[in-house]
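Engineer: These protein sequences, in sequence, are chains A and B.
FYI, the working numbering numbers position 10 of the first sequence as 560, with every residue one higher than the one before it.
FYI, the working numbering numbers position 78 of the second sequence as 88, with every residue one higher than the one before it.
Beta carbons: idealized from backbone N, C-alpha and C, even for Gly.
Keep in mind the model is a prediction, meaning the values are calculated, not measured.
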Amino acid sequence: DSGVTQTPKHLITATGQRVTLRCSPRSGDLSVYWYQQSLDQGLQFLIQYYNGEERAKGNILERFSAQQFPDLHSELNLSSLELGDSALYFCASSVESLAGIYEQYFGPGTRLTVT
Amino acid sequence: GQQVMQIPQYQHVQEGEDFTTYCNSSTTLSNIQWYKQRPGGHPVFLIQLVKSGEVKKQKRLTFQFGEAKKNSSLHITATQTTDVGTYFCAGQLNRGSTLGRLYFGRGTQLTVWP
């Protein structure tokens, strides 16, 4: 158990709908990262938040948005869903070590199926 | 933009054979990390390499970081069925002031035949 929790575990929805994925980082971790993993694909970095602020953006679509709340949990909002958005969505958290190195702890993921 | 390339994408070996996956970055890295994702699971941190030319071992796994800090490799000696999974390398660009973002390779999916 990495200490990172994600809900829901599975989500099935229809095209055009909107969903919200939730992530709670490990206690004390200030950074939260979101990744998308499609079948046989690597980890596509979507976005990073640090202590409530957006810090880095990757290949995140305009239909997707995220935020990190004061209690450090994060939500990823996916709207106008398309079939191609079906994927496993991982949240990860990290804390900076004294050496300035961040190792990431991944949650179990949310499997999204768009029908 | 920054890219981390990883090869091969797939590797099928018989139990007892060795396995190696290679990672190459377009720019110099601050450090490189390796993660393993078991089938149906989530990526799990294995190790990090920081120094130029660094070599670290974990039982049958040997990790290397290139002299120029642009490439890395993971070698598994005498694979076992428990080694099955996808191995990802992930590079970090800068220390300290960096945002902590990791640039992940595409991963190498290892299958081990008993």
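If we count Cβ pairs, one from each stretch, closer than 8 Å, do we get three or more for the region 580-589 of chain A versus the region 639-659 of chain A?
Structural biologist: yes
Engineer: Please list, in chain order, the chain A residues whose beta carbon lies closer than 9 Å to that of His-22(B).
Structural biologist: To locate residue 22(B), count along the second sequence from 1; it is residue 12. Those do not exist, as His-22(B) stays about 15 Å from chain A at its closest Cβ, beyond 9 Å.
Engineer: Under 8 Å between C-beta atoms, does Phe-595(A) make it to chain B?
Structural biologist: Counted from its first residue, the first sequence places residue 595(A) at position 45. Closer than 8 Å to some Cβ of chain B, the Cβ of Phe-595(A) qualifies, so yes.
Engineer: Let me see if you follow: with CB-CB separation under 8 Å, is Gln-606(A) close to chain B or not?
Structural biologist: Translated into positions along the first sequence, residue 606(A) becomes position 56. In the sequence under discussion, the amino acid at residue 606(A) is Ala, which differs from the Gln named in the question. Taking Cβ atoms only, chain B reaches closer than 8 Å to Ala-606(A), which makes this a yes.
Engineer: List in chain order: all unbroken alpha helix (DSSP H) runs of 4+ residues lying wholly within the region 48-107 of chain B.
Structural biologist: none
Engineer: How about the region 17-34 of chain B and the region 565-583 of chain A: do they share at least three Cβ pairs that are nearer than 8 Å?
Structural biologist: no
Engineer: What are the start and end residues of the beta strand (DSSP E) that includes Ser-577(A)?
Structural biologist: Here residue 577(A) corresponds to residue number 27 of the first sequence, with the count starting at 1. No beta strand (DSSP E) holds Ser-577(A); DSSP gives it neither H nor E.
Engineer: Roughly how many whole angstroms lie between the Cα atoms of Gln-68(B) and Ile-597(A)?
Structural biologist: What you label residue 68(B) is simply residue 58 of the second sequence in a count that begins at 1. What you label residue 597(A) is simply residue 47 of the first sequence in a count that begins at 1. Between Gln-68(B) and Ile-597(A), the C-alpha separation is close to 32 Å.
Engineer: For Ser-36(B), which option in Phe-98(B), Gly-117(B), Ala-78(B), Gln-47(B) has the closest C-alpha, if you only look at C-alpha atoms?
Structural biologist: To locate residue 36(B), count along the second sequence from 1; it is residue 26. Closest by alpha carbon: Ala-78(B).
Engineer: Kindly indicate which three-state DSSP category Lys-559(A) falls into: helix, strand or coil?
Structural biologist: As a working mapping, residue 559(A) is identified with position 9 in the first sequence. DSSP places Lys-559(A) in coil when its eight states are reduced to three.
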